[in-house]
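Chains as they are written, first to last, in full-length UniProt numbering: chain A, 1 to 246; chain B, 1 to 246.
Positions of the beta carbon are idealized from the N, C-alpha and C atoms, including for glycine.
Here is the structure we will look at.
There are 2 protein chains.
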Amino acid sequence: MNKINLSDISTRAPEGMDKKAVKAVTQEIVQELDELQNLLFAEHKHAVLVVLQGMDASGKDGLIRNVLGNMNPQGVNVRGFKAPTEEEKDHDFLWRIHRFAPAKGMIHVFNRSHYEDILVQRVHKWIDDETAVKRMQAINDFERLLVEHNNTAVLKFYLHVSEEKQKERLKERMEDPHKMWKYNKNDSTEIKLRKDYLKMYEDAIEHCNDVKWIILPSDQNWYKEYVVAQTLRDTLRSFRMEYPKL
Amino acid sequence: MNKINLSDISTRAPEGMDKKAVKAVTQEIVQELDELQNLLFAEHKHAVLVVLQGMDASGKDGLIRNVLGNMNPQGVNVRGFKAPTEEEKDHDFLWRIHRFAPAKGMIHVFNRSHYEDILVQRVHKWIDDETAVKRMQAINDFERLLVEHNNTAVLKFYLHVSEEKQKERLKERMEDPHKMWKYNKNDSTEIKLRKDYLKMYEDAIEHCNDVKWIILPSDQNWYKEYVVAQTLRDTLRSFRMEYPKL
């Protein structure tokens, strides 16, 4: 198999898609998601885990707000994974992740995830390649556990954003008063590591493949939101759920 | 490989061992364990997980009290796994187990464990063989995660007890006022399933073998305690630990 090359993959919607029409469809899907999530909660047989991975300013937060914000928060749980605490560091890297695996009936969203342990940690050379390979195997085993032993649909999205768009959004953080809170003094150093990150993402997508990745062109929010909404809708529909009888 | 046959394996100490002499040695080891555990806690590089599995009245509780009771409770954590709660049942079977995996510096003891999910559940036919095989694979993956990703030594003991000794101890529960609290109305039905349990233990020992099992002759408490104390001591010594300098 040829190694995936992210630089060859577009960060934009396919040609000819109409933004206004797509946004209207997304709105319809988002309404349907509300009903499907209620059914998931009621039937209590399946679980859904949405993993969002992408570089800084790839648009994870807006995606969560716009696609998942219409569902009942009782059945949706969003968890961000930042730098691990001391207690978390004293355990294997999946310990803190497994705790937040979705129960049956729930949709959990990971805003960053266990993949940071083979991305940021590799880019900064905090772990060697041998450890990274072992972690990839452990990640495959872990995701299989969720799929096979708790009826979990795992949807993994890599938010693929161009360098130009990334820089544009990071600049906004310094200028827009509503976005300044997102500014991080490491933003400027991290973006210089973009090529290294792309390489590590390619490795992750290639090797952590028991559950397939969806490469999500992420320069345009309307397209990204459409794809995620549609994928989640199709996944939930595929469960062929029914409300339990008395 | 020939399938292991537990009925062929002795439940008693090897011939010629002197009970009094062995008990004296065990006492010395138990003293050393206290010091080694302190070093483990101080050095903070390794973790130890002791898994105790055995049928009713195989002597798990006494073993914990006599071998591990002399160590500083700050560094030792004993967890019993009974029937899962509703919340636990809504997750994969390893979810509740992983939460109690030992942090670096800690010794955790599982009084029953994730193995119940391929023992009691199979004996009572709550799961089919296909599910059992998948769970065995998941258990191997899980134990490898602890070993490779958190420097955990996993010591798995199967407490091998004869039918006579088992019945004798269960009878004591009905007669000795200090033991009546252990009486369970299911004891008498479970012991009738002894042969089925042995078969499922054989399967578990054969297939969940990435981390080796120690088959522990358990009719005599003094011998069982000696073997566990010695194994734990040798494991801790093998870490070649040192107190951190300033």
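Check whether the Cβ atoms of residue i and residue j lie closer than 8 Å to each other.
| i | j | result |
| --- | --- | --- |
| K134/A | E148/B | yes |
| Q53/A | S113/A | yes |
| A47/B | N150/B | yes |
| A204/A | I118/A | yes |
| Y243/A | L39/A | yes |
| F142/B | L94/B | yes |
| N84/B | R96/B | Residue identity check: residue 84/B is Pro in the sequence provided, not Asn. Contact: yes. |
| N77/B | H108/B | yes |
| Q220/B | I29/B | no |
| V161/B | G59/B | yes |
| P217/A | A21/A | no |
| R122/A | F100/A | no |
| I214/B | I9/B | no |
| L155/B | V50/B | yes |
| D61/B | R144/B | no |
| R173/B | M180/B | yes |
| L36/A | R233/A | yes |
| K3/B | E130/B | no |
| L63/B | E225/B | yes |
Check the Cβ-Cβ distances between residue i and every residue of chain B, and say whether any is below 8 Å.
| i | result |
| --- | --- |
| E148/A | yes |
| W213/A | no |
| K104/A | yes |
| D141/A | yes |
| A204/A | no |
| W222/A | no |
| A21/A | no |
| L145/A | yes |
| A101/A | yes |
Counting along the chain, where does the alpha helix (DSSP H) carrying residue i start and finish?
| i | result |
| --- | --- |
| A229/B | 221-238 |
| N66/A | 60-68 |
| D18/A | Careful: D18/A lies outside any alpha helix (DSSP H) and carries neither H nor E. |
| K165/B | 163-175 |
| L94/B | Per DSSP, L94/B belongs to no alpha helix (DSSP H) and is neither H nor E. |
| H207/B | 194-207 |
| E88/A | 86-89 |
Beta-carbon of residue i versus every beta-carbon of chain A: anything under 8 Å?
| i | result |
| --- | --- |
| H98/B | yes |
| K45/B | no |
| L40/B | no |
| A13/B | no |
| L232/B | no |
| L216/B | no |
| A57/B | no |
| A138/B | yes |
Going by the DSSP bridge assignment, what does residue i pair with across the sheet?
| i | result |
| --- | --- |
| A47/A | T152/A |
| Q53/A | Y158/A |
| H108/A | L49/A, N77/A |
Need the endpoints of the beta strand (DSSP E) that residue i sits in, please.
| i | result |
| --- | --- |
| N77/A | 76-80 |
| I118/B | Counting along the chain, I118/B falls outside any beta strand (DSSP E), and DSSP gives it neither H nor E. |
| W213/A | 213-217 |
Determine whether the Cβ of residue i lies closer than 8 Å to any Cβ atom of chain C.
| i | result |
| --- | --- |
| Y243/A | Among the chains of the structure shown, chain C does not appear; the protein chains present are A and B. |
Legend entry - Proximal residues, the segment 59-93 of chain B versus chain A, C-beta separation under 9 Å: E87, K89, D90, H91, D92, F93
Inset, instruction - Below 9 Å between beta carbons is the criterion; list the residues of the segment 122-135 of chain B that meet it against any residue of chain A, in chain order. - result: T131, K134, R135
Inset, instruction - Give, in chain order, every residue of the segment 176-190 of chain A whose Cβ lies closer than 9 Å to some Cβ of chain B. - result: none
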